[in-house]
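Undergrad: The end of the sequence shown is residue 1406 by my numbering, with every number in the run present.
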Amino acid sequence: MHRRQGLAFIALLAVSQVLSFWPPFHRIKMGADGNEGSPGLRGLSSPETSDQTDVSGAPTEFYYADVARDASSASALAKRKSSSKDDTGSGASSGGPYDGRSYQGEATTYDSKWSIGNCLLSNWPQPKGLGPVAIAQNLWDSSRMCGACVSITSSFGTYLGIVTDQSDVKPNSLDLGPDVWSQVSNHQKSSALPITWHIVPCNFTSPIQFYNARGTNPYWTAIQVAVPSARDSGDGDSSEWIELVRQSNANRFSPPKGKGGLGTSADLRVTCNDGKQFITKGVNLIDSSKPTAASGNC
1109 MHRRQGLAFI ALLAVSQVLS FWPPFHRIKM GADGNEGSPG LRGLSSPETS
1159 DQTDVSGAPT EFYYADVARD ASSASALAKR KSSSKDDTGS GASSGGPYDG
1209 RSYQGEATTY DSKWSIGNCL LSNWPQPKGL GPVAIAQNLW DSSRMCGACV
1259 SITSSFGTYL GIVTDQSDVK PNSLDLGPDV WSQVSNHQKS SALPITWHIV
1309 PCNFTSPIQF YNARGTNPYW TAIQVAVPSA RDSGDGDSSE WIELVRQSNA
1359 NRFSPPKGKG GLGTSADLRV TCNDGKQFIT KGVNLIDSSK PTAASGNC
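1) Between L1228, T1272, R1252, which lies nearest to G1204 when the distance is taken from Cα to Cα?
2) For S1262, which of helix, strand or coil comes out of DSSP?
3) Within 10 Å of its beta-carbon, does T1313 have 16 or more other beta-carbons around it, so buried, or fewer, so exposed?
4) Could you pull the DSSP bridge partners for W1328 from this structure?
5) Got a sec? Which residues, its chain only, sit under 7 Å from A1300 by beta carbon, not counting five neighbours each side?
6) Return yes when the C-beta of D1276 is under 7 Å from any heavy atom of the ligand SAM, and no when it is not.
7) Mark Q1212 as exposed unless 16 or more other C-beta atoms lie within 10 angstroms of its C-beta, in which case mark it buried.
8) Is the shortest distance between the beta-carbon of Q1385 and the beta-carbons of chain D less than 8 Å?
9) Just tell me which of D1276, G1237, C1406, G1366 has its CA closest to the CA of Y1218.
10) Taking only three categories from DSSP, how would you classify L1268?
11) So is T1388 buried or exposed if we call it buried at 16+ other beta carbons inside 10 Å?
12) Quick one: what's H1295 bridged to in DSSP?
13) Taking the Cβ atom as the reference point for each residue, do L1393 and G1368 lie within a distance shorter than 8 Å?
14) List the residues that DSSP assigns as beta-bridge partners of V1277.
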């Protein structure tokens, strides 16, 4: 059992009428012409879900969140250029675990449940076959690893898990939930088990979902997204979009300092790690009672 660190909320914030975003292989942007409307994670190939679980609600890929203010409420801010600088703290959106490299470390175990952990994934149903994993702090990357699916290999075989937390384990190591540990260790008691692991695609087929943080309003935007990675979209239309800044202590994205909230709605653009983009029109930024499905998936 290892100490859990400060809470992290997988979300994304946007200017004008948007909320926050979640972690490492994609980026989201909101359109300046965002209409009023309503609001993910990355992993392995089409995992089955339990009877109560819908893959669409599970973390599947990392991404950056960019948002443009609704022209009707804040046209001036909507047209400001978004900064190309990454203000998300430690860890770049490229390299490290995100480029597919493998890590050698140790596996330990802790009594973790899907509903707890710094990634705060309690609103997203746990996909069947993907137990919770806490990643070493040196690779936490300001919560960008939340929702990443990992392939873990030990002397007993290769198994899958999904990052839900960070841990003070040794560098490059993983602290596994009971189910994953049972597989990786072949039902051994807790000990430091040598492992090799790397990030793999979850390949969930259902659309990404946007979920507003509780208490959001026109002046405070915070959107949780079922997808974990971040990457600069490189889109030249920078005057139409505002890049959201990741809050390392909350696993969500917010407008740059001084921008304030984004209003009641906005368009969200997601750029996947492979360059694929899709825009979800009129995402509601203040209703936290239910998620809104995105127009696509990565």
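Backbone N, C-alpha and C fix where the C-beta goes; we use that ideal spot for every residue, glycine too.
These figures come from a predicted structure and were not determined experimentally.
TA: Here's the rundown:
1) Along the sequence shown, one-based indexing puts residue 1204 at 96. It is R1252.
2) On the sequence shown, position 154 is the one that residue 1262 refers to. Three-state result, S1262: strand.
3) In the sequence shown, counting from the first residue as 1, residue 1313 sits at position 205. So T1313 ends up on the exposed side.
4) Taking the first residue of the sequence shown as position 1, residue 1328 is located at position 220. According to DSSP, which records beta bridges pairwise, W1328 is partnered with N1325.
5) The sequence position of residue 1300 within the sequence shown is 192, counting from 1. E1214, T1216, listed in sequence order.
6) Among the ligands in the structure shown, none appear at all, so the ligand SAM cannot be discussed.
7) Within the sequence shown, the letter at position 104 stands for residue 1212. Exposed, since its Cβ has fewer than 16 Cβ neighbours within 10 Å.
8) You won't find chain D in this structure, because it holds only one protein chain.
9) Walking along the sequence shown from the start, residue 1218 turns up at place 110. Cα-wise, what sits closest to Y1218 is D1276.
10) Position 160 of the sequence shown holds residue 1268. Strand.
11) If you number the sequence shown from 1, residue 1388 lands on position 280. Buried.
12) As a working note, residue 1295 is residue 187 in the sequence shown. The secondary-structure analysis by DSSP pairs H1295 with nothing; it has no beta-bridge partner.
13) By one-based count along the sequence shown, residue 1393 stands at place 285. By one-based count along the sequence shown, residue 1368 stands at place 260. Their beta carbons are not under 8 Å apart, which means L1393 does not touch G1368 by this criterion.
14) Here residue 1277 is taken as the residue at index 169 of the sequence shown, counted from 1. V1277 is not bridged to any residue.
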